[in-house]
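First the structure, in the form of structure tokens, and then the observations on it.
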Amino acid sequence: MTLKRSPLLTFLLAAVLLVGTLVSVSGLVATRFFQQAILERESQLVNELASSLLAEPAEGEAPLTAGFLDKQLHHLLALDDILRINVFSAEKYLLWSSESDIIGRRARNDAPLGRALSGEVVPVTQPFQRASHRDWNPKADVMEVYVPIRSAGDSQPLGAMGIYRDAGQINQTLTRGAMLIWGSAGLVGVLLIAIITTLHGMLLHRHRAALASLGSLDEKHRRIVQLEKMSALGKMVGEVAHQVNSPLVGVVNKAQLAARRLDDPERIRGYLRDIEAAGKHCAEFVKRLLDLSRVSRFEKESVDLKRVVQEAVQLVSQGSGLGGVIALALPAHEARVDADPVLLRHALFNLLRNATAASPADESVTVRLFFAATQHYWCIDVEDQGPGVPESLREQIFQPFFTTSRDGNGLGLAVASTVATLHGGTLEVMDGDVGGALFRLAIEASPTAVGPRS
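Position in the sequence shown (first residue = 1) + 194 = our numbering.
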């Protein structure tokens, strides 16, 4: 059985882990800094006190002698928290001690003592963990401080003094300080978690509200798209019905007339020719509809666009009733694209057929193939010398069944535009250089294609 966690619970666990880690690290660093500051303060107080007691001896007194040390250090021993005092020579011999039976011994190799003889003030919080202090194990907590003993004008210490203090009060101060630090850090952590959780809850609420709003908009968008589809379908059905119904009405009428004129074979043959023409018109229209439905199914391959243009021009030139001169302007090298050559050839065929139909019989249609380096596209311009396309119709001419020609069915440019879109390209109409219409079909070049060399 798996426990499903909500986003808020997951975020809360992550926030607690992150803030807990941050609070722990901050508490440890602050506690250590606080303890070090307290120990350094206490050590400096001991150092100042020892320096004032062991100032320059009176005239005639030798420094660090037993008599001088007895006279000066009994004031320090009178303090309640002072447990023991040891005075060492520079050679680490015990010159004086509050425990008289250990005077004269040489100190063991002790790191804090060595540092004090080099001029440092060294606090030690756990002195009895060292081998040199195993002979004394007091019941109370003890803090040890080593301070250097200097003579006026000398930079090198004459010796060092080790002072053992009752650390009970200091430990209480350290404990209270640590508790205050950890309590403050914990409070800050709780506040951070509360703030982060509140902000996350607000953001999550807004996110859900935004998703709900987007879901509502998406549902409205789907309804609008469905309505548009139904509207487009209705329009298409109406156009198909109109395109097919008109010749069928003629077929029925001609058939009825033929039935009445059975005694006139010549007139019947005329009626049959009209019926045949209407049938061919319907068959051609249905074929164009099937072409439009097959446009969405295509297979890309690497093809030379220059060769596709040449084949489309050849098809138009050989077509019945599609006369006119086509002038080609092609690059010297290949124009490589990833495309379906059959669909591209069909789209170009439609553009060329419209251009030759729009141009006067004695005028030519110009086809240019060139590389647009800035967009990395190959462009095919088909320019006629007809009347052009008015600005008001330039968006409608690519819609299915829209036509300005008596003999057109409004599918040629729609198919060409769909082919361009399927290949990630565009089909645009603009004014030509000689006043006619210019249709530009742009197809993205292959990734490794290189444009014309200058």
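Ideal placement from N, C-alpha and C gives every residue a C-beta, glycine not left out. Nothing here was measured: the structure is a model prediction, and the numbers come from that model.
Inter-residue Cα distance where the pair is residue i and residue j
i, j, result
"residue 590", "residue 610", "14 Å"
"residue 570", "residue 630", "27 Å"
"residue 408", "residue 395", "20 Å"
"residue 410", "residue 206", "30 Å"
"residue 237", "residue 317", "6 Å"
"residue 274", "residue 243", "15 Å"
"residue 588", "residue 622", "9 Å"
"residue 470", "residue 476", "10 Å"
"residue 313", "residue 393", "55 Å"
"residue 575", "residue 625", "11 Å"
"residue 636", "residue 536", "16 Å"
"residue 267", "residue 247", "7 Å"
"residue 414", "residue 538", "37 Å"
"residue 363", "residue 340", "19 Å"
"residue 212", "residue 373", "22 Å"
"residue 608", "residue 547", "14 Å"
"residue 371", "residue 412", "60 Å"
"residue 229", "residue 401", "47 Å"
"residue 505", "residue 480", "25 Å"
"residue 553", "residue 463", "36 Å"
"residue 582", "residue 457", "51 Å"
"residue 231", "residue 269", "27 Å"
"residue 258", "residue 321", "25 Å"
"residue 493", "residue 620", "18 Å"
"residue 638", "residue 615", "11 Å"
"residue 550", "residue 566", "26 Å"
"residue 271", "residue 309", "24 Å"
"residue 712", "residue 501", "What is shown of the chain runs 195 to 648, which leaves residue 712 out entirely."
"residue 315", "residue 264", "23 Å"
Nonlocal neighbours in the same chain, by C-beta distance under 6 Å from residue i, ignoring five residues either side
i, result
"residue 560", "521 and 577"
"residue 291", "280 and 297"
"residue 541", "610 and 613"
"residue 278", "292 and 358"
"residue 685", "Residue 685 lies beyond the stretch modelled for the chain, which goes from 195 to 648, so this question has no answer here."
"residue 499", "529, 531 and 572"
Cβ-based burial, residue i [other Cβ within 10 Å; buried from 16]
i, result
"residue 544", "buried"
"residue 203", "exposed"
"residue 527", "exposed"
"residue 337", "buried"
"residue 534", "buried"
"residue 443", "exposed"
"residue 592", "buried"
"residue 405", "exposed"
"residue 641", "exposed"
"residue 304", "buried"
"residue 223", "exposed"
"residue 235", "exposed"
"residue 239", "exposed"
"residue 459", "exposed"
"residue 606", "buried"
"residue 584", "exposed"
"residue 446", "exposed"
"residue 260", "exposed"
"residue 221", "buried"
"residue 555", "exposed"
Beta-bridge partners of residue i, as assigned by DSSP
i, result
"residue 632", "577 and 624"
"residue 340", "316 and 356"
"residue 465", "Answer by DSSP bridge pairing: none, since residue 465 is not bridged."
"residue 368", "According to DSSP, residue 368 bridges with nothing at all."
"residue 560", "521 and 577"
"residue 496", "532"
"residue 278", "358"
"residue 638", "571"
"residue 300", "287"
"residue 566", "571"
Any C-beta of chain C under 8 Å from that of residue i
i, result
"residue 470", "Given the protein chain composition of this structure (a single chain), no chain C is represented."
Close beta carbons around residue i, own chain, < 7 Å, minus the five adjacent residues each side
i, result
"residue 286", "300, 301 and 307"
"residue 288", "280, 282, 296, 297, 298, 299 and 301"
"residue 451", "465"
"residue 461", "455"
"residue 468", "444 and 448"
"residue 628", "579"
"residue 391", "206 and 209"
"residue 276", "270, 357 and 359"
Beta-carbon proximity list for residue i, same chain, < 8 Å, skipping 5 on both sides
i, result
"residue 558", "518, 519, 520, 521 and 579"
"residue 496", "530, 531, 532 and 640"
Residue i beta carbon near the ligand PLP (any heavy atom closer than 7 Å)
i, result
"residue 506", "Ligands in the displayed structure: none, and consequently the ligand PLP is not present."
Next on the checklist: Could you check whether the region 382-400 touches the region 209-219, counting it as contact only if at least three pairs of C-beta atoms, one from each stretch, sit closer than 8 Å?
Outcome noted: yes
Checklist entry - Quick one: any contact between the region 371-382 and the region 348-359, if contact means 3 or more CB pairs under 8 Å? => result no
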